[in-house]
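Working notes, beginning with the structure itself.
Protein chains in written order, with full-length UniProt numbering: chain A, 1 to 268; chain B, 1 to 268.
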């Protein structure tokens, strides 16, 4: 069985000092440096692979300090505090002497409780009825995802005509790969910067901070398998060089797997 | 002029090693340990007061590792990376040898750009027309806020009858205090745990991770002054011991000052 390109990209080698060495992967290249989602997944993988890890990811925040340079990097994941059922992690990615990403994560042993999904999956046509996008962005990482846009795809004409930042897409790894926490973290960053959709105008952008809340259990990930996810993303405010965007990812059965938020730098 | 109790609570003393010493304040006590919002504000204040700080807060994430014990604590805020107009901070709060909070923040020199508020302020009656809450939670910190509930206040009867977690309130410091980034961080955590509203059932809860995105400029904070903020909070998913809640804070003029998210532990 050959290795999926995502597993190649997030592979980490343990170092004697407890840190990990990874390497940027050309298959997940963005305009400048790697796709932020793959960096988030690499950072989370430093926690997931850690021999001291307790439980599964509940939350992850990564802050992108600078575009990674193509080449090796070091992930440092430290269990800052371990409680009975929760564990707090600090994460840092370095290249040479420079810190290129800071972050934190919480893992927990989760137990079955009362629960409800308050945010319903929006009514959308099923994946089989949604045509592929008219426009494909040229970045390499975009080819790593099958994306079927229901609404709010990249503008075909950049004429400043946008009026809403809402996007809804069916999305999954390309080629398909059974969903796990690392790939879910990566897909959480798959939505194009909302400013492109809202303004239909190209401006320089870069995610500054990304937070992922994992609602999915390992059983729900297994049930999702290689199926499509319905992703929804929308901004709340664009102001003085930064905008936020909030997103949700449901599986085809309508289970809300992730809610995720980010704040993004934009110029002009 | 006497000092506002909030300023007393977030006061930090610089230490020779670059860290800060603070002290929990009885006025902001929660059920167990201090109100998470005041801890977030104390953490942010370690950045705000830092001599190396560049620009204003754009994002803040704090992770609550354990309830703080009443008494002194140490805030360590470190500029992990300083770029031309953005700066990345790592933050830790310690008591004795134990880490009780981890966090990160981003500050930036913000420049005027195109902008729009996509999430409109909900239509609500003005503060003068909203009666005070029927029920006041007994925690001390609750008295530090004037809260006028428009919808989704604490249940008068805990009979399991809830059906939506939506809350809308007018809120401001009590006594009034001109809004700044630290108090905005604190107020971002003012909303009761959504599980109380949704279930009308008392269960043990604790915020695990809180993220605040600051959209407000210093000018907009000055314009807001001691006016009311309209706060809105709602959960997206309750599952296996954790739920998320997303909130917004607008000033009376309808400017979206903050969007904020948290994930909260609950039992049963």
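Quick reminder that beta carbons are idealized off the backbone N, C-alpha and C, glycines included.
Inset, instruction - Count the C-beta pairs between the stretch 5-23 of chain B and the stretch 205-223 of chain A that are closer than 8 Å, then say yes if the count reaches three, no if not. - result: no
Legend entry - Contact list for residue 117 of chain B against chain A, beta-carbon separation under 9 Å: Taking the second chain and counting its residues from 1, the one referred to as residue 117 of chain B is at position 117. 236, 237, 238 and 239, listed in chain order.
Legend entry - Interface residues of chain B facing residue 110 of chain A [CB-CB closer than 9 Å]: Here residue 110 of chain A refers to the residue found at position 110 when the first chain is read from its first residue. In chain order: 239, 240, 241 and 242.
Inset, instruction - Would you kindly check if the distance between the Cβ of residue 110 of chain B and the Cβ of residue 56 of chain B is under 8 Å? - result: For the purposes of this step, residue 56 of chain B is taken as the residue at position 56 of the second chain. For the purposes of this step, residue 110 of chain B is taken as the residue at position 110 of the second chain. Contact: yes.
Inset, instruction - Can you grab the Cα-Cα spacing for the pair residue 97 of chain A / residue 159 of chain B, in whole Å? - result: Translated into the one-based positions of the first chain, residue 97 of chain A becomes position 97. Translated into the one-based positions of the second chain, residue 159 of chain B becomes position 159. Going by the C-alpha atoms only, they are around 58 Å apart.
Inset, instruction - Could you please give the first and the last residue of the uninterrupted alpha helix (DSSP H) stretch that includes residue 92 of chain B? - result: Taking the second chain and counting its residues from 1, the one referred to as residue 92 of chain B is at position 92. First-last for residue 92 of chain B: 86-95, but that is the beta strand (DSSP E), not the alpha helix (DSSP H).
Inset, instruction - Please report the residue range of the beta strand (DSSP E) in which residue 79 of chain B lies. - result: What you label residue 79 of chain B is simply residue 79 of the second chain in a count that begins at 1. Its beta strand (DSSP E) spans residues 72-82.
Legend entry - C-alpha distance - residue 154 of chain A paired with residue 61 of chain B, whole-angstrom precision: The count along the first chain starts at 1 and reaches residue 154 of chain A at position 154. The count along the second chain starts at 1 and reaches residue 61 of chain B at position 61. Cα to Cα, residue 154 of chain A sits roughly 30 Å from residue 61 of chain B.
Legend entry - Short Cβ contact (8 Å threshold) for residue 44 of chain B with residue 191 of chain B: Sequence index remark: in the second chain, residue 44 of chain B carries index 44 (1-based). Sequence index remark: in the second chain, residue 191 of chain B carries index 191 (1-based). Not closer than 8 Å, so no.
Inset, instruction - Let me know the beta strand (DSSP E) ranges lying completely inside the UniProt domain "Acyl-CoA thioesterase-like C-terminal" (128-265) of chain A, each 3 residues or longer, listed in chain order. - result: 145-151, 167-173, 205-214, 229-234, 237-239 and 242-251
Legend entry - Proximity test, Cβ basis, 8 Å: residue 182 of chain A and chain B: Against the first chain, residue 182 of chain A aligns to sequence position 182. No, residue 182 of chain A lies away from the interface with chain B (no Cβ there is under 8 Å from its Cβ).
Inset, instruction - Can you have a look at residue 135 of chain B and say buried or exposed, based on whether 16 or more other CB atoms are within 10 angstroms of its CB? - result: In the second chain, the residue the question calls residue 135 of chain B occupies position 135. Classification of residue 135 of chain B: exposed, given that the 10 Å Cβ count is below 16.
Legend entry - Buried/exposed call for residue 264 of chain A, threshold 16 Cβ in 10 Å: Residue mapping note: residue 264 of chain A aligns to position 264 of the first chain, counting from 1. With 16 or more Cβ atoms within 10 Å of its Cβ, residue 264 of chain A is classed as buried.
Inset, instruction - Pair every Cβ in the stretch 74-82 of chain A with every Cβ in the stretch 23-32 of chain A, then say whether three or more of these pairs are closer than 8 Å. - result: no
Legend entry - Cβ neighbour criterion (16 or more within 10 Å) applied to residue 165 of chain B: Indexing the second chain from 1 puts residue 165 of chain B at position 165. That one is buried.
Legend entry - Residue from B:259, B:169, B:198 and B:229 whose Cα sits closest to the Cα of residue 243 of chain B: Working through the second chain from its first residue, we reach residue 243 of chain B at position 243. Of the candidates B:259, B:169, B:198 and B:229, the one whose C-alpha sits nearest the C-alpha of residue 243 of chain B is B:198.
Legend entry - Min CB distance residue 30 of chain A to chain B below 8 Å: Residue 30 of chain A sits at position 30 when you count from the first residue of the first chain. So, not an interface residue.
Legend entry - Chain-order list of residues whose beta-carbon lies under 8 Å from that of residue 71 of chain A (same chain, five-residue window excluded): In the first chain, the residue the question calls residue 71 of chain A occupies position 71. These residues qualify, in order along the chain: 23, 24 and 95.
Inset, instruction - Under 6 Å Cβ to Cβ from residue 188 of chain B, same chain only, skipping five residues before and after it: list those, please. - result: Taking the second chain and counting its residues from 1, the one referred to as residue 188 of chain B is at position 188. Result list for residue 188 of chain B: 212, 258 and 260, in chain order.
Inset, instruction - Specify whether the stretch 125-132 of chain A and the stretch 198-208 of chain A touch according to this definition: at least 3 beta carbon pairs, one from each stretch, less than 8 Å apart. - result: no
Inset, instruction - Mind checking which residues open and close the beta strand (DSSP E) that includes residue 62 of chain B? - result: The count along the second chain starts at 1 and reaches residue 62 of chain B at position 62. Note, residue 62 of chain B: beta strand (DSSP E), 56-64.
Legend entry - Candidates A:140, A:125, A:174 and A:41, of which the one nearest residue 168 of chain A by Cα: Against the first chain, residue 168 of chain A aligns to sequence position 168. When each option's Cα is compared against that of residue 168 of chain A, the closest is A:125.
Legend entry - For residue 225 of chain B and residue 178 of chain B, the rounded distance between their alpha carbons: Working through the second chain from its first residue, we reach residue 178 of chain B at position 178. Working through the second chain from its first residue, we reach residue 225 of chain B at position 225. In a straight line, the C-alpha of residue 178 of chain B is about 4 Å away from that of residue 225 of chain B.
Legend entry - Proximity winner among B:127, B:146, B:151 and B:196, relative to residue 175 of chain B (alpha-carbon distances): Working through the second chain from its first residue, we reach residue 175 of chain B at position 175. Among B:127, B:146, B:151 and B:196, the Cα nearest to that of residue 175 of chain B belongs to B:146.
Inset, instruction - Helix, strand or coil for residue 17 of chain A, going by three-state DSSP, please let me know. - result: By 1-based counting over the first chain, the position of residue 17 of chain A is 17. Here residue 17 of chain A sits in coil by DSSP.
Inset, instruction - State buried or exposed for residue 106 of chain A, treating a residue as buried only when at least 16 other CB atoms are found within 10 Å of its CB. - result: As a first step, residue 106 of chain A is located in the first chain; it is residue number 106 there, counting from the start. With 16 or more other Cβ atoms within 10 Å, it is buried.
Legend entry - Where the alpha helix (DSSP H) through residue 32 of chain A begins and ends: In the first chain, residue 32 of chain A corresponds to position 32, counting from 1. No alpha helix (DSSP H) holds residue 32 of chain A; DSSP gives it neither H nor E.
Inset, instruction - Answer with buried or exposed for residue 254 of chain B, where buried requires no fewer than 16 other C-beta atoms within 10 angstroms of its C-beta. - result: Position 254 of the second chain, counting from 1, holds the residue named residue 254 of chain B. Classification for residue 254 of chain B: exposed.
Legend entry - As assigned by DSSP and simplified to three states, the class of residue 24 of chain B: Reading the second chain from its first residue, position 24 is the one you call residue 24 of chain B. Correct three-state label for residue 24 of chain B: coil.
Inset, instruction - Could you give the DSSP three-state label for residue 315 of chain B: helix, strand or coil? - result: There is no way to answer for residue 315 of chain B, as the model of chain B reaches only from 1 to 268.
Inset, instruction - Give, in chain order, every residue of the stretch 52-82 of chain B whose Cβ lies closer than 8 Å to some Cβ of chain A. - result: 58, 59, 61, 63, 65, 66, 80 and 81
Inset, instruction - Spell out the partners DSSP gives residue 116 of chain A in its beta bridges. - result: Translated into the one-based positions of the first chain, residue 116 of chain A becomes position 116. Answer is B:238.
Legend entry - Local Cβ density within 10 Å of residue 8 of chain B, reported as buried at 16 or more and exposed below that: Residue 8 of chain B sits at position 8 when you count from the first residue of the second chain. With fewer than 16 other Cβ atoms within 10 Å, it is exposed.
Inset, instruction - With residue 108 of chain A as the anchor, note down where its beta strand (DSSP E) starts and where it stops. - result: As a first step, residue 108 of chain A is located in the first chain; it is residue number 108 there, counting from the start. From DSSP, the beta strand (DSSP E) with residue 108 of chain A extends over 98-108.
Legend entry - Residues near residue 10 of chain A in its chain [Cβ-Cβ closer than 6 Å; skip 5 each side]: One-based indexing of the first chain puts residue 10 of chain A at position 10. If we look at residue 10 of chain A and ignore the five residues flanking it on each side, its Cβ neighbours are 41, 42, 45 and 182.
Inset, instruction - Note down the Cα distance separating residue 246 of chain A from residue 118 of chain B, rounded to an integer number of angstroms. - result: Within the first chain, numbered from 1, the residue matching residue 246 of chain A stands at position 246. Within the second chain, numbered from 1, the residue matching residue 118 of chain B stands at position 118. Roughly 12 Å between the two C-alpha positions.
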